[in-house]
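Only one structure is covered here, and it is reproduced in the block below.
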Amino acid sequence: MEYNIRKCKNEDRFEIYRLVNQLKDQPLDRSIFFKKFSSNLFDKNIEYWLIENHDAITGFISIHKNELLHHNNTINEIQEFIIDEPFRNNGLGSKLLRFVLNRFQNKNIELASNKSRLQSATFYEKHGFKATHNKFTL
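Residue numbers (the working numbering): 1457 to 1594.
Laid out in C-alpha coordinates, this is it:
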(Lines of atoms letter the chains of each structure in order from A and count residues from 1; the text may use other names and numbers.)
(Lines give C-alpha, C1' and ligand atoms only; values in the text may rest on other atoms or scores of the structure.)
Protein backbone atom coordinates (compact mmCIF):
# COMPACT_ATOMS: atom_id res chain seq x y z
CA MET A 1 0.00 0.00 0.00
CA GLU A 2 1.48 3.32 -1.05
CA TYR A 3 1.39 6.12 1.47
CA ASN A 4 2.82 9.54 2.21
CA ILE A 5 3.24 11.27 5.58
CA ARG A 6 3.28 15.05 5.64
CA LYS A 7 2.53 18.04 7.84
CA CYS A 8 -1.04 19.23 7.76
CA LYS A 9 -2.03 22.38 5.89
CA ASN A 10 -5.04 24.59 6.50
CA GLU A 11 -6.77 23.18 3.41
CA ASP A 12 -6.73 19.74 5.09
CA ARG A 13 -9.12 20.95 7.79
CA PHE A 14 -12.27 19.44 6.25
CA GLU A 15 -10.80 15.94 6.10
CA ILE A 16 -9.19 16.23 9.54
CA TYR A 17 -12.54 17.39 10.94
CA ARG A 18 -14.19 14.32 9.39
CA LEU A 19 -11.55 12.03 10.88
CA VAL A 20 -11.55 13.54 14.38
CA ASN A 21 -15.33 13.23 14.51
CA GLN A 22 -14.87 9.45 14.27
CA LEU A 23 -13.49 9.70 17.82
CA LYS A 24 -16.60 11.47 19.14
CA ASP A 25 -20.16 10.37 19.95
CA GLN A 26 -21.54 13.51 18.32
CA PRO A 27 -20.05 15.93 15.78
CA LEU A 28 -17.83 18.74 17.00
CA ASP A 29 -18.82 22.31 16.24
CA ARG A 30 -17.27 22.89 12.81
CA SER A 31 -16.52 26.60 13.20
CA ILE A 32 -14.81 26.11 16.57
CA PHE A 33 -12.83 23.16 15.21
CA PHE A 34 -11.67 25.11 12.14
CA LYS A 35 -10.65 28.10 14.24
CA LYS A 36 -8.59 25.91 16.60
CA PHE A 37 -7.09 23.90 13.75
CA SER A 38 -5.98 27.00 11.83
CA SER A 39 -4.57 28.65 14.95
CA ASN A 40 -2.75 25.52 16.10
CA LEU A 41 -1.01 25.12 12.74
CA PHE A 42 1.10 28.14 13.70
CA ASP A 43 1.77 27.07 17.30
CA LYS A 44 5.40 25.92 17.58
CA ASN A 45 4.41 23.54 20.39
CA ILE A 46 1.85 21.64 18.31
CA GLU A 47 2.49 19.41 15.31
CA TYR A 48 -0.21 18.03 13.03
CA TRP A 49 0.73 15.17 10.70
CA LEU A 50 -1.34 13.13 8.30
CA ILE A 51 -0.95 9.99 6.29
CA GLU A 52 -2.40 9.83 2.82
CA ASN A 53 -2.92 6.98 0.42
CA HIS A 54 -3.12 7.99 -3.26
CA ASP A 55 -3.83 11.61 -2.21
CA ALA A 56 -6.71 10.55 0.07
CA ILE A 57 -6.15 11.54 3.72
CA THR A 58 -6.47 8.31 5.68
CA GLY A 59 -5.09 9.24 9.10
CA PHE A 60 -4.15 12.06 11.44
CA ILE A 61 -2.00 12.50 14.54
CA SER A 62 -1.36 15.54 16.73
CA ILE A 63 1.53 16.04 19.12
CA HIS A 64 1.57 18.74 21.79
CA LYS A 65 4.91 19.65 23.35
CA ASN A 66 4.44 20.43 27.04
CA GLU A 67 6.85 21.92 29.56
CA LEU A 68 5.56 20.38 32.77
CA LEU A 69 6.98 21.19 36.18
CA HIS A 70 6.99 17.55 37.26
CA HIS A 71 9.19 16.50 34.31
CA ASN A 72 12.77 17.53 33.59
CA ASN A 73 12.27 17.26 29.83
CA THR A 74 9.68 18.37 27.33
CA ILE A 75 6.79 15.91 27.15
CA ASN A 76 5.52 15.15 23.66
CA GLU A 77 1.90 14.19 24.11
CA ILE A 78 -0.15 12.56 21.39
CA GLN A 79 -3.55 14.22 21.69
CA GLU A 80 -5.45 12.91 18.68
CA PHE A 81 -4.64 9.84 16.62
CA ILE A 82 -7.08 8.38 14.13
CA ILE A 83 -6.99 6.17 11.06
CA ASP A 84 -10.05 6.35 8.84
CA GLU A 85 -12.31 3.36 9.53
CA PRO A 86 -12.06 1.75 6.06
CA PHE A 87 -8.24 1.89 6.19
CA ARG A 88 -7.71 0.34 9.61
CA ASN A 89 -5.82 -2.94 10.06
CA ASN A 90 -3.67 -2.23 7.00
CA GLY A 91 -0.58 -1.01 8.86
CA LEU A 92 -1.16 2.71 8.28
CA GLY A 93 -1.59 3.44 11.98
CA SER A 94 1.70 1.69 12.75
CA LYS A 95 3.47 3.64 10.00
CA LEU A 96 2.16 6.98 11.28
CA LEU A 97 2.93 6.17 14.90
CA ARG A 98 6.45 4.91 14.05
CA PHE A 99 7.03 8.16 12.15
CA VAL A 100 6.20 10.16 15.30
CA LEU A 101 8.22 7.88 17.56
CA ASN A 102 11.24 8.27 15.27
CA ARG A 103 10.72 12.03 14.99
CA PHE A 104 10.88 12.37 18.77
CA GLN A 105 13.54 9.64 19.12
CA ASN A 106 11.21 7.50 21.26
CA LYS A 107 11.69 9.95 24.14
CA ASN A 108 9.21 11.52 26.50
CA ILE A 109 6.11 10.52 24.55
CA GLU A 110 2.82 10.17 26.36
CA LEU A 111 -0.78 9.63 25.35
CA ALA A 112 -4.16 8.91 26.84
CA SER A 113 -6.78 6.66 25.30
CA ASN A 114 -10.45 6.26 26.08
CA LYS A 115 -11.00 3.10 28.14
CA SER A 116 -13.75 2.02 25.74
CA ARG A 117 -11.21 1.68 22.92
CA LEU A 118 -9.81 -1.70 23.88
CA GLN A 119 -8.14 -2.23 20.50
CA SER A 120 -6.28 1.05 20.97
CA ALA A 121 -4.73 -0.12 24.24
CA THR A 122 -3.50 -3.32 22.58
CA PHE A 123 -2.16 -1.31 19.63
CA TYR A 124 -0.19 1.06 21.89
CA GLU A 125 1.21 -1.77 24.00
CA LYS A 126 2.33 -3.53 20.80
CA HIS A 127 4.32 -0.38 20.00
CA GLY A 128 6.05 -0.29 23.39
CA PHE A 129 3.76 1.97 25.42
CA LYS A 130 3.00 1.05 29.00
CA ALA A 131 -0.12 1.99 30.97
CA THR A 132 1.43 3.88 33.91
CA HIS A 133 -1.19 6.54 34.78
CA ASN A 134 -4.90 7.01 35.33
CA LYS A 135 -6.69 9.95 33.76
CA PHE A 136 -9.78 11.35 35.45
CA THR A 137 -12.38 13.60 33.84
CA LEU A 138 -15.53 15.44 34.89
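Ideal Cβ positions, reconstructed from N, Cα and C, are used throughout, including at glycine.
Segment limits, beta strand (DSSP E) that includes residue i
i: E1566; result: 1565-1567
Cβ separation of residue i and residue j, assumed to be a contact under 8 angstroms, to the nearest whole Å
i: E1523; j: T1530; result: 6 angstroms
i: L1557; j: W1505; result: That pair is no contact at about 12 angstroms.
i: N1460; j: E1508; result: 5 angstroms
Residue range of the unbroken alpha helix (DSSP H) whose run includes residue i
i: K1463; result: Careful: K1463 lies outside any alpha helix (DSSP H), inside the beta strand (DSSP E) at 1460-1463.
i: G1549; result: 1548-1559
i: R1469; result: 1469-1476
Cβ neighbour criterion (16 or more within 10 Å) applied to residue i
i: E1458; result: exposed
i: E1581; result: exposed
i: F1493; result: buried
i: N1532; result: buried
beta-carbon residue i near the ligand COA non-hydrogen atom, thresh 8 angstroms
i: N1558; result: As presented, the structure is devoid of all ligands, the ligand COA included, so that no description of it is given.
* To do: Enumerate, from N- to C-terminal direction, the unbroken alpha helix (DSSP H) stretches of 4 or more residues contained entirely within the region 1481-1534.
  => 1486-1496
* Asked: How do the region 1508-1523 and the region 1466-1485 stand: do at least 3 beta-carbon pairs fall below 8 angstroms, yes or no?
  -> yes
* To do: Would you check if the region 1561-1568 and the region 1480-1498 touch, i.e. whether three or more CB-CB distances between them fall below 8 angstroms?
  => no
* Touching or not, the region 1533-1549 and the region 1480-1494, by the rule of three or more beta carbon pairs under 8 angstroms? -> no
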